[in-house]
Each structure stands twice: as C-alpha cells, then as structure tokens.
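Per numbering that gives the first Met the number 0, residue 0 is the first one in the sequence shown, and the count goes up by one each step.
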Amino acid sequence: MAKQMKVKFEPQNIPDYLRAYALFKTADLDKTLRAYLKNEDVIVRAAAAELLGEQSSAKETVEALSTAFDKSITTDKNYNDAQFAILSALVKLDKAQAASSLNHALDAADFLVRRHAAQLVKQNDLTKDFPNIQNQIGIVKPYNSKTETKLGQILNTNADYIRAVSRKTAKAILTTDKGTFTIDLLPKDAPLTVDNFIKLAKARYFNGLAIHRVVPNFVMQDGDPRGDGNGGPGWQIRCELNMVEYERGAVGMALSGKDTGGSQWFVTHSPQPHLDGGYTVFGRVNESDMKIVDNLVRGDKILSVKIVEGNLPQKSTKGRKGK
Numbered sequence: 000m001a002k003q004m005k006v007k008f009e010p011q012n013i014p015d016y017l018r019a020y021a022l023f024k025t026a027d028l029d030k031t032l033r034a035y036l037k038n039e040d041v042i043v044r045a046a047a048a049e050l051l052g053e054q055s056s057a058k059e060t061v062e063a064l065s066t067a068f069d070k071s072i073t074t075d076k077n078y079n080d081a082q083f084a085i086l087s088a089l090v091k092l093d094k095a096q097a098a099s100s101l102n103h104a105l106d107a108a109d110f111l112v113r114r115h116a117a118q119l120v121k122q123n124d125l126t127k128d129f130p131n132i133q134n135q136i137g138i139v140k141p142y143n144s145k146t147e148t149k150l151g152q153i154l155n156t157n158a159d160y161i162r163a164v165s166r167k168t169a170k171a172i173l174t175t176d177k178g179t180f181t182i183d184l185l186p187k188d189a190p191l192t193v194d195n196f197i198k199l200a201k202a203r204y205f206n207g208l209a210i211h212r213v214v215p216n217f218v219m220q221d222g223d224p225r226g227d228g229n230g231g232p233g234w235q236i237r238c239e240l241n242m243v244e245y246e247r248g249a250v251g252m253a254l255s256g257k258d259t260g261g262s263q264w265f266v267t268h269s270p271q272p273h274l275d276g277g278y279t280v281f282g283r284v285n286e287s288d289m290k291i292v293d294n295l296v297r298g299d300k301i302l303s304v305k306i307v308e309g310n311l312p313q314k315s316t317k318g319r320k321g322k
C-alpha cells in the first residue's frame, strides 16, 4: 500500500479512490484515512472523514477527527463540506468526545454549520448536554468581513433586494461547444436566485466551465469550477421554492441540502415531478433551444454567458391543470 500511495492523483479523483480502497477493509485503512484528513483539499478531507465514520472508534481516529475539525473551521473559508462530514463522524464514533467540537460548531459564523451541529445534537439525544442550543443556533447573521468567510451569512444589501424584486424580465444567452441556447430567467418566481445567477454570469464565472454531469433523460448540470460536483463560488444562497414545475427545459439550482445553492445549476431533459418543491426553479429553456441542451455531453464547455435585461415578455409560470 505504501508504494501505491505515491501514485499521483488529482484531488477530484481521490475521494473515489478512497471509497474504492475502503471496500477492501485492509489493516491499514484507518491509518490511511487519518492521513488524508490532513490533505489540503477540503473535499478529500470530507471523504476521509465520512469513511472514518464507518470504522472503529479508535482513540487515534477520534483525536485526528477533532484536530481536523478545529483546523477546518478555522481555515476552510469557501467550503463547509469537511466541517459537516467531520462533525458527523465524530458524533457517530464518540458522542462524549464530540462535545467540544459541537460547541465549536455552534459558535461558527456559518449558520449552516450551526444548524448541522444542532441537528446532530437532537438526533443523538444530546440536548441535555446543550441546554442553550436554541440560542446558540440563532439566526442567519449579516456578513462580517472579520469572519473571513461568506458562508452561511446574509450577503445581500437593501440595494440587492430592491434590484432583485424590481427586475421584471431577463434572459441568459449561453454559448457552448455545441451551439447557443437561451434561458428565460424567472425573476418574479425566484428573484434572489436569478440575481445571483446574473451576478456570476456578469463576472464571467461560468465562462470556460466544463459540463460535469449529464444523466440522459434527466439533467444536464454545470456551474462547478472543480468539475466534480462539489464546487461553488464561496457563498451559499437560500432556497426560493415556488410553484413552477419541473417540466422539460426547467432550470433549477443544484443543492447538497437546504439553502446550499451557489453556482451549480441544471436543465431537465424531461418532466421531473419528484423535484417539484425541493429545488428552486429559476428559468426555462424553450423546446427549440432544448435541441442544443440535448446534445451536450460531459466535458463540453460553456464558452460564455450573456445577460439581457429589459422589456422582455415573460412566459406564464402557471402549473399544469389538474395536478
């Protein structure tokens, strides 16, 4: 195993490598996973922690997880994946030893980390040890630059809200390797989500990003700078669930949990009613342009995104009759 570990892996591939290696249940598995808790890549550390949560509660493992959590909450400013995974593993392996990390999490600037810690406390009958937990969760706080992170905080100013709710119509024209298609954005149904997408597009965030996920007859997904489904812009936006249905051509926000949207979005190839009410719909692609979307495969790139705003007619967002 020692010689195999010297093989060079891209960070995006290491989580899958670790999951495959864990299936063999080798004698050095715990030691190997603990070593990856020190990896520079946040998603690699998250994967290692998740797998360690399935192993024995050895003292060395619990201590390594505690140390990794303290480091993650201090240094990971753009992603909270490692904090979530490490905290879950700690509680699963040793509830008593997890108390310190839970308290640290409940004091985090990131509301999502505080909420996750509170959920773990409640799910594992630890509320008697955290009598002030409701106050510790608190509410989502306004962004404070001193925290050095934008995760789980209110980033929008009053001007942002006014601009978002005042926008009547907008569209995004996406040029890809396979041609151009247009997203008719729905600012009336998802004003903040549309505003976030426009902000990223105008910053050329999507330009050059490869489509990282295509599931035939389901979705085409993009917006991940990592290319492995785990990337984001360094902040998260709240969900804006609405009455727009996931018919063919619906454009939605990809999530890893409630209020975790950022930059990843998808277009549905076919009606997906099981997504209704679970993921924010913020745009539509018409049937003509869906021919371009249908031809996109994993690895194709979004070359540019042009935003057009103005006096544009917006299509009705009424649902299907009889549902």
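Each residue gets a CB set at the ideal place from its N, CA and C atoms; glycine is no exception.
Return the residue from the list the options that minimises the CA-CA distance to residue i.
i    : options                   : result
N241 : T259, D275 and K198       : D275
V284 : K198, A21, T179 and N77   : T179
D159 : P186, K177, Q271 and V292 : P186
K290 : F196, A189 and T181       : T181
N157 : K7, I85, I136 and P141    : P141
T66  : A88, V213 and N77         : A88
G231 : L36, N38 and F196         : F196
R113 : A97, V139, T74 and D124   : V139
K145 : E39, K305, T73 and S56    : T73
N143 : S287, K170 and N155       : N155
F8   : S100, I236, A116 and D40  : D40
D288 : Y278, H268 and G277       : H268
I136 : K121, Y278, S100 and A117 : A117
N38  : T174, F23, I13 and I236   : I13
Does the separation of the CB atoms of residue i and residue j fall below 9 angstroms?
i    : j    : result
E239 : L199 : no
Q271 : F217 : yes
N294 : K177 : yes
G282 : V307 : no
L36  : A21  : no
N102 : F68  : no
L125 : N79  : no
V266 : V243 : no
L184 : K170 : yes
D29  : A57  : yes
A97  : L119 : yes
For the putative contact between residue i and residue j, defined by C-beta atoms under 8 angstroms, what is the C-beta separation to the nearest angstrom?
i    : j    : result
D223 : H211 : 5 angstroms
Q220 : A253 : 6 angstroms
S71  : Q82  : 5 angstroms
R225 : Q11  : 6 angstroms
N229 : I85  : Actually they are not in contact, since the Cβ atoms of N229 and I85 sit about 15 angstroms apart, beyond 8 angstroms.
Y245 : V214 : In fact, because the Cβ distance is near 14 angstroms, the residues do not count as touching under 8 angstroms.
K326 : E147 : For the chain, the structure presents residues 0 to 322; residue 326 sits outside this window and is missing.
K305 : I172 : 4 angstroms
E286 : G248 : 7 angstroms
Q: Report yes or no: do three or more beta-carbon pairs, one from the segment 293 to 302 and one from the segment 200 to 211, lie closer than 8 angstroms?
A: yes
Q | the segment 90 to 100 touching the segment 52 to 72, judged by at least three CB pairs closer than 8 angstroms | A | yes
Q: Pair every Cβ in the segment 166 to 175 with every Cβ in the segment 255 to 269, then say whether three or more of these pairs are closer than 8 angstroms.
A: No, the segment 166 to 175 does not touch the segment 255 to 269.
Q. Is the number of C-beta pairs between the segment 6 to 20 and the segment 45 to 54 that are closer than 8 angstroms three or more?
A. In short, these stretches touch, since the Cβ pair count reaches three.
Q) Touching or not, the segment 143 to 162 and the segment 95 to 112, by the rule of three or more beta carbon pairs under 8 angstroms? A) yes
Q.
In chain order, what are the residue ranges of uninterrupted alpha helix (DSSP H) at least 4 long that sit wholly in the segment 122 to 153?
A. 132 to 136
(Q) Please give the ranges of any alpha helix (DSSP H) in the segment 13 to 99, keeping only runs that are unbroken, at least 4 residues long and fully inside the region. (A) 13 to 21, 28 to 35, 41 to 51, 58 to 74 and 80 to 92
Q: Output the residue ranges of the beta strand (DSSP E) runs that lie fully inside the segment 145 to 213 and measure 3 residues or longer, sorted by chain position.
A: 169 to 175 and 178 to 184
**Q.** Segments of 3+ residues assigned as beta strand (DSSP E) that fall wholly inside the segment 237 to 270
**A.** 249 to 252 and 264 to 267
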